[in-house]
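Counted the way this note's numbering counts, the sequence shown spans residues 624 to 914.
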Amino acid sequence: MPETARSTAPNSEEGNLLEVRDLTVSFPTAEGRTEVVKSLDLDVPRGGAVGIVGESGSGKSMTSLAIMDLLPKGGQRSGSLRFDGTELSELGNAAMRRMRGDRIAMIFQDPLSSLNPYYTVGLQIEEAYRSHRRGVSRKEARKVAIEAMDRVRISDAARRVDHYPHQFSGGMRQRVMIAMALSMEPELLIADEPTTALDVTVQAQILDLMSELREETGVGLIMITHDLAVVSEVTEHIVVMREGCVMEKGTAEQIFSDPQHEYTQLLLDAVPRIDDEIGALRTLDAEGAQP
């Protein structure tokens, strides 16, 4: 399934913070290794935001885990992942651990399972910070945790820093995860389905928050989602994936106003609208044709 041809910004690679070329991710199966991401190319401009969109199983989350070198057991990646001039695939484990969190941070989709229920949220932010900032005292780390929570608009952060995850709503737990990621002041933030488990109102609040934080900090963003309505809120560039392949990529304006691939059009059609008529959604078969 070849990618739909289209010229996309940025035209020059000089403005890119992250450049991914020919990324392939595979896992062992009874029939041999199976590719779940196939020859993917991706650019993230400095301070820019890119959305990776596709249905479940399209390979978008595996793409983000490959960038972070956090693939599940048995996963292998090949290709080039160049971050700010450094080839990530050539880094050793220790160097990659320093890169993760310090310069590249990730927010996962389920904050309840990502946060330890036995420790306060403040302590968890502090520990994450101190693991990358050797020699920082607990007092200094606590100050950073409070400032990070305040930055993500958690009211009364100085008091709530001592609360446990179960004392926060789903949206507030997601804010804690964003605070933890941003406490290191990374240059690139990867958000994997950060609004999936949230109701529509809270989703909008989280998306507004991420847009505000991008403006304030200049952090680059990769937004992983199945929902084109989500990426339309926070990204300038969109990559559409299906079955491990890139179907189409372009600016958000191009994708929404003039989609070139039928799969992209189907994703756009799946976005609920108040004037929609009740009826069956169109589908594509494995070859990309309508059944």
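Virtual Cβ for every residue (Gly too), placed ideally from N, Cα, C.
Where the alpha helix (DSSP H) containing residue i begins and where it ends
i, result
"SER703", "Careful: SER703 lies outside any alpha helix (DSSP H), inside the beta strand (DSSP E) at 699 to 706."
"GLY724", "716 to 725"
"ARG865", "From DSSP, ARG865 is part of no alpha helix (DSSP H) but of the beta strand (DSSP E) over 860 to 865."
"LYS872", "Counting along the chain, LYS872 falls outside any alpha helix (DSSP H), though it belongs to the beta strand (DSSP E) covering 868 to 874."
"MET807", "Unbroken run through MET807: none, as it is neither H nor E."
"THR818", "Here THR818 belongs to no alpha helix (DSSP H), and DSSP marks it neither H nor E."
"LEU890", "885 to 892"
Residue from the options with nearest C-alpha to residue i
i, options, result
"VAL854", "ASP779, ILE813, ARG798", "ILE813"
"GLY677", "HIS849, GLU859, PHE706, ALA802", "HIS849"
"LEU805", "GLU770, ASP822, GLY794", "GLU770"
"ASN739", "PHE791, ALA653, ILE878", "PHE791"
"GLY708", "ARG726, ARG765, PRO695", "ARG726"
"ALA820", "PHE731, LEU746, THR686", "PHE731"
"MET795", "ALA893, THR824, CYS868", "THR824"
"SER662", "ALA653, ASP822, GLU749, LEU704", "LEU704"
"ALA802", "GLU763, ALA717, GLU654, LEU832", "LEU832"
Endpoints, the beta strand (DSSP E) within which residue i is located
i, result
"SER649", "639 to 652"
"LYS661", "655 to 668"
"ALA781", "Not the beta strand (DSSP E): ALA781 falls in the alpha helix (DSSP H), residues 780 to 783."
"VAL676", "672 to 676"
"GLY758", "Where GLY758 is concerned, there is no enclosing beta strand (DSSP E), given that its DSSP letter is neither H nor E."
Cβ neighbour criterion (16 or more within 10 Å) applied to residue i
i, result
"ALA728", "buried"
"VAL744", "buried"
"VAL775", "buried"
"PRO914", "Its pLDDT being 44, under 50, PRO914 is placed unreliably by the model, and the measurement read from it follows with that caveat. So PRO914 counts as exposed."
"THR657", "exposed"
"GLY873", "buried"
"ILE847", "buried"
"GLN699", "exposed"
"GLU636", "Here the model assigns GLU636 a pLDDT of 47, short of 50, so the residue's position is not dependable and the matter cannot be decided."
"VAL767", "buried"
"GLU871", "buried"
"ASP666", "buried"
"ARG798", "buried"
"VAL673", "buried"
"VAL857", "buried"
"ALA903", "Because the pLDDT of ALA903 is 48, which lies under 50, any placement of that residue in the model is unreliable, and the number read from its coordinates should be weighed accordingly. Flag for ALA903 reads exposed."
"GLY671", "buried"
"SER630", "Interpretation of SER630 is limited by its pLDDT of 43, a score under 50 that renders its predicted location unreliable; the figure taken from the coordinates is listed afterwards. With fewer than 16 other Cβ atoms within 10 Å, it is exposed."
"THR887", "buried"
"SER681", "buried"
"PRO651", "exposed"
"GLU749", "buried"
"HIS789", "exposed"
"SER687", "buried"
"ARG865", "buried"
Cβ distance (whole Å) where residue i is taken to contact residue j below 8 Å
i, j, result
"SER890", "LEU851", "Position check: residue 890 holds Leu in this sequence, whereas Ser was assumed. With a Cβ gap of about 5 Å, LEU890 and LEU851 count as contacting."
"ASP815", "SER684", "6 Å"
"LEU646", "GLY702", "4 Å"
"GLY867", "VAL659", "5 Å"
Query - Contact the segment 754 to 764 vs the segment 784 to 801: 3+ CB pairs below 8 Å - result: Because the criterion of three Cβ pairs below 8 Å is not met, the segment 754 to 764 and the segment 784 to 801 do not touch.
Query raised in the report: Given 8 Å as the limit, is there contact between the segment 635 to 655 and the segment 819 to 829, that is, 3 or more CB pairs closer than that?
Result: no
Requested in this report: Check whether the segment 719 to 727 touches the segment 688 to 695, counting contact only when three or more Cβ pairs, one atom from each stretch, lie closer than 8 Å.
Outcome: yes
Query raised in the report: Would the segment 831 to 840 and the segment 734 to 753 be scored as touching if the rule is three or more Cβ pairs under 8 Å?
Result: no
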